[in-house]
Amino acid sequence: MVAVAPIRSELTRDQQIEHVLNRLAYGPRPGDDERVRAMGVERWIALQLSPDRLDDRTTDSIVSSYSALGTPTSELTAMFREVRVARRDSMRLPDTRRTLQLSLAQVSSAKLARAVTSERQLYEQMVDFWENHFSVFAGKGQTRLFIPAYDRDVIRPYALGKFRDLLGAVAKSPAMLFYLDNAQSAADSVHRTLSSRRLREAQPAGSRPLSPGLIVPPGGVRPPRGLNENYARELMELHTLGVDGGYTQRDVIEVARALTGWSIDPREGAFVFRPAIHDAEEKTVLGSRLSALGGIEDGEQVLDILARHPSTARHITRKLVVRFVSDSPPPALVDRCAAVFSRSDGDIRETLRCVITSPEFFSKAAYRAKVKTPLELVASALRATGASVDNTPRGAQIVARLGQPIFGRQTPDGWPDRADDWVNAGAMVNRVNFGLALASARVPGVIVGNVDPAIGASLSTPEFQRR
Amino acid sequence: MQRRVFMKNGALALVTMGLNPTLLRRTIFAQELVTGAGSLGNARGKVLICLFQRGAADALNVVVPFGEQAYYRLRPTIAVPRPTLATQDAAIDLDGFFGLHPSLAPFKSLWTQGLLAPVHAVGSPSNTRSHFDAQDYMESGTPDAKGTRDGWLNRYLATKGTCEECAKGGNDRSAKGGNGKSAGAREAGGGNGTAKPESLFRAVSMTQQTPRILMGPAPSVAMNSIQEFAIRANGPAAANIEAMYATGGSDLVHAAGSEMLDAMKILRAANPQQYQPRNGAEYPRSPLGQRLREIAQLIKSDVGVEIAFADVGGWDTHVNQGGATGQLAQRLDDFAKATYALVTDLGDRMADVVILTMSEFGRTARQNGNGGTDHGHAGCLFVIGGGVKGGKVHGRWPGLEAEQLNEGRDLALTTDFRSVFGEVVRKHLGASALDRIFPGFAPSELGLL
């Protein structure tokens, strides 16, 4: 654990304690402020940045009660096929259908449970940050089958690691490959593929499809094959460089060409590289030449170039500053911490440390200046009242009703992180009613004892909407 | 030719087509002046109600091309029979070639009155067969362009609205001030120069979450039901909350809170619990029926609704969809009864209302091996309203012979949905900046309104 230097701040010590609990955690539980005071804000932050050092067995045991969370993707895809066949043949739907639905609902509910109970609060904040940065939508086709693994094996292991590792894990995740269509992106007919034969020739009609889609659409006709730019574009616009990051439409096409063949094995529900649909010719990405016959290395090189681009350092750092400091990110702070990102080869922990120990973070301007998202509102209210969620899907539904369904953002830009996107007349009614319902312990899915009247009354106040 | 409109007394009045629609509108407005209605800003402006049939409705069994031999060859067990007096389980003749599915019987009177304009072979030029992608395109208004973040209804609101943020465009949103969405900041700029606040209920979606079609910088309200738009507390607790949010803090949270209180006051005054549909309208007790009932309530409460949205699922009929009766027939029965009740209930207000239905794509022309249909291409939609050129099936019919089908399997597309949506917002709502609402698209004129 690397120590945190003494904090320079305009805030009083009490305000600093409140501030870190509201910003770096999902709000204080009863007694949390005393614990942070006893340990010191600096040491608390240092521990939160090293989550492995925090004992979190209570959360582990709660999460283990979500029976379906660990189901391998290959089992989920098998269940999906079984249900589909039964539906097609008008048979009674098998019980696996329920298991399937449950496993998907449990990922969302477990996310809320962790936000409420985990000792590793900053880590949970960062998991949410990345799941939102690399947003996928459960409602698009089979994406939902891949979400348990996305949370478990893609985002969580890398949330405080190196950005390049995280980016690579996302690029190879079936969830992202399916959601942004790269799984079905194939070399255009004007370009040669790694196997000299074209896919269509290689695959006689009726044989088991080579193609990424797990499922032949009803009726048996598959979409025409060809280059799909969707992932390539969002990879640069949203995941790395940012919209003004200095790429052109030409780069989008070249990146898409480099990533052809990055696809999904339908049986295993796992990443597979398909040489037969990979564009084997030379490409030029942001001025760098990728020589012909690069195969899977084309995509790796593209990710290298993007992860280390200065625009990416700025884009990622700016989003971190918006999340943790202010809706109007101070440019000097973004510059300073983007330099840390670049110097450390995209070390997320070090970049985050720069942001959350800065004078800007501990400034009066930043104090209580953010408005809670629905997830933050629900988690902080449950923490304030000492409540927990049961392991049914109802927990996640509370957040959804407030307008932020977990893994429910349709567009790839993720949920907005600015106050004016979250507070309006309609949203306020739901927020106030949620506070009232929790105060009187009548929120389905929430386990709570007698709520202290003063805390209960605070849940519906304007102040409680802020963090 | 005659056109019927519902008049204020609830009785049917016959108005000849020769009557200038503007004059008709003036008459209604004159009545409002007398009754004192319409005092809330532009409360009685034009209204557009959009209904999304999610799941891809089977257009060929909705507006049935019974004049096509091929239709009956392609669908041996699920085709809707040709119109006949012998049974009600047959298409309802419209023009000797097209007929309505028998479950759409309530629409026949709208057709006769000239209020109903079906458009056939309409849809998205994208060849996607994914529900998600196709709905996304129909709501973003930009087929095959996945980068669009806002919905086309939101862009309409932004082009005519007074929301400051909207003028800045999607990506540069950093400079916005603290209370940009407060009621006081929404002063109207355009129009006749009289500044009046934009209604909180200008755009209302009867859905849990804001739908894709309304996503974007222009404000809108999404609610499951009017009843849910109330603080669930009473006595001192409720008074306490009102006091906290009414203190006039200038920050976003207080501003939104006081908007919430205003909105609740308006809804309370409209007295939703006491609402009685007019003109004998009978809404089905289905979710769609209840949502449309509440849309009618809001419109008639003069709270300034300009755009209303609702959606209804259950159209993805891959298996045993049935013909004149069965699964699809039941969905259509609810759809028709709910929509007809809305039209009946709105009565004379239909002179200023257009109902626009949509579904992401049509289904295969040929039935599949399970007595259903699979994901297709072009579909059909309905435009309903007092100002609509009804009584005619719009759009060029491409035919159903093998060589006329899209990819050899679906109804081909002859009308881009943006032409229909564009004409509706331009002619009905007076939108001028169509190039901002449907960027990069040159709409063609159908003569729907």
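Each protein sequence line maps, in turn, to chains U and S. Quick note on my numbering: the first sequence kicks off at 11 and runs consecutively. Quick note on my numbering: the second sequence kicks off at 1127 and runs consecutively. Glycine included, each C-beta is placed from N, C-alpha and C at the ideal position. Keep in mind the model is a prediction, meaning the values are calculated, not measured.
Straight-line Cα distance separating residue j from residue i
i: Thr304(U); j: His319(U); result: Note that residue 304(U) corresponds to Gly in the displayed sequence, not to Thr. Rounded to whole angstroms, Gly304(U) to His319(U) spans 21 Å at the Cα level.
i: Thr361(U); j: Val146(U); result: 24 Å
i: Ser1558(S); j: Cys1292(S); result: 16 Å
i: Leu1472(S); j: Leu1236(S); result: 13 Å
i: Asp138(U); j: Arg124(U); result: 11 Å
i: Pro1413(S); j: Phe1461(S); result: 10 Å
i: Ser199(U); j: Gly413(U); result: 44 Å
i: Leu1331(S); j: Ser1346(S); result: According to the sequence provided, residue 1331(S) is Ser. The question's Leu does not apply to it. Cα to Cα, Ser1331(S) sits roughly 8 Å from Ser1346(S).
i: Gly1277(S); j: Leu1482(S); result: 16 Å
i: Leu387(U); j: Asp427(U); result: 13 Å
i: Ala1(U); j: Ser119(U); result: In the structure as shown, chain U begins at 11 and stops at 477. Residue 1(U) is therefore absent and cannot be evaluated.
i: Ala1125(S); j: Gln420(U); result: Chain S is shown from 1127 up to 1575; residue 1125(S) falls before or after that span and cannot be answered.
i: Asp431(U); j: Met1341(S); result: 10 Å
i: Ser1266(S); j: Leu1279(S); result: 8 Å
i: Leu1535(S); j: Thr1451(S); result: Inspection of the sequence shows that residue 1535(S) is occupied by Arg rather than by Leu. Their backbone Cα atoms lie some 24 Å apart in a straight line.
i: Gly1566(S); j: Leu1560(S); result: 10 Å
i: Asn1494(S); j: Arg359(U); result: 55 Å
i: Ser1229(S); j: Arg162(U); result: 48 Å
i: Glu1527(S); j: Val1509(S); result: 27 Å
Minimum Cβ-Cβ distance from residue i to chain U less than 7 Å
i: Gly1349(S); result: Correcting the residue identity first, residue 1349(S) is Met in this sequence and not Gly. It does: the Cβ of Met1349(S) has a partner Cβ on chain U nearer than 7 Å.
i: Pro1345(S); result: yes
i: Phe1258(S); result: yes
i: Arg1201(S); result: no
i: Leu1326(S); result: yes
i: Gly1521(S); result: no
i: Met1133(S); result: Reliability of the predicted coordinates at Met1133(S) is poor, the pLDDT of 31 falling under 50, and the value obtained from them is presented with this limitation in mind. False, the Cβ-Cβ gap to chain U never drops below 7 Å.
i: Ala1205(S); result: no
7 Å Cβ shell around residue i - same chain, five flanking residues per side excluded
i: Gln1453(S); result: Thr1443, Asn1446 and Gln1447
i: Ile27(U); result: Asp43, Val46, Arg47 and Val51
i: Glu291(U); result: His201, Arg202 and Ala302
i: Leu446(U); result: Ser470
i: Glu247(U); result: Val253
Residue i at chain S interface by Cβ criterion, 7 Å
i: Asn238(U); result: no
i: Asp423(U); result: yes
i: Pro472(U); result: yes
i: Asn434(U); result: yes
i: Val365(U); result: no
i: Gly216(U); result: Legend: pLDDT at Gly216(U) = 41, less than 50; position of this residue unreliable, no value from coordinates given.
i: Val126(U); result: no
i: Val439(U); result: yes
CB contact flag (residue i, residue j, <7 Å)
i: Ile1392(S); j: Val1429(S); result: yes
i: Leu1378(S); j: His1227(S); result: no
i: Val344(U); j: Thr327(U); result: yes
i: Gly1511(S); j: Val1546(S); result: no
i: Ser195(U); j: Val164(U); result: no
i: Pro341(U); j: Glu370(U); result: no
i: Gly1449(S); j: Val1188(S); result: no
i: Ile72(U); j: Val117(U); result: no
Own chain partners of residue i with C-beta closer than 8 Å, once the 5 adjacent residues on each side are dropped
i: His1257(S); result: Arg1180, Gly1181, Ala1182, Asp1442, Glu1486 and His1501
i: Leu34(U); result: Ile55, Gln58, Gln131, Leu132, Gln135, Phe334 and Ile366
i: Asp1262(S); result: Lys1272 and Arg1338
i: Ser128(U); result: Asp66, Thr69 and Glu134
i: Leu1507(S); result: Pro1244, Val1245, Val1248, Leu1482, Thr1483, Met1484, Ser1485, Phe1543 and Val1546
i: Leu330(U); result: Phe139, Cys347, Thr361, Leu362 and Val365
6 Å CB neighbourhood of residue i in its chain, flanking five on each side removed
i: Lys380(U); result: Arg477
i: Trp272(U); result: Asn192 and Gly309
i: Arg1606(S); result: Residue 1606(S) lies beyond the stretch modelled for chain S, which goes from 1127 to 1575, so this question has no answer here.
i: Pro1410(S); result: Asp1460, Lys1463 and Ala1464
i: Pro1403(S); result: Asp1471
i: Thr1268(S); result: Thr1274
i: Ala1344(S); result: Asn1280, Leu1283, Ala1284, Gly1287, Cys1289 and Cys1292
Residue i beta carbon near the ligand ATP (any heavy atom closer than 6 Å)
i: Leu64(U); result: Absence of the ligand ATP from the depicted structure is noted, as is the absence of any ligand whatsoever, leaving it without description.
*asked:* Along the segment 394 to 420 of chain U, where does the CB come closer than 9 Å to a CB of chain S? Name the residues.
replied: Ala410, Arg411, Gly413, Gln414, Pro415, Gly418 and Gln420
*Of all the residues that make up the segment 1482 to 1509 of chain S, which are near chain U by a beta-carbon distance shorter than 7 Å?*
Thr1490, Asn1494, Asn1496, Asp1500 and His1501
*Residues within the segment 1438 to 1452 of chain S neighbouring chain U, beta-carbon criterion of under 8 Å*: His1444, Val1445 and Asn1446
_Near-chain U residues of the segment 1359 to 1375 of chain S - C-beta to any C-beta below 8 Å_ = Ala1359, Ala1363, Asn1366, Ile1367, Met1370, Tyr1371 and Gly1375
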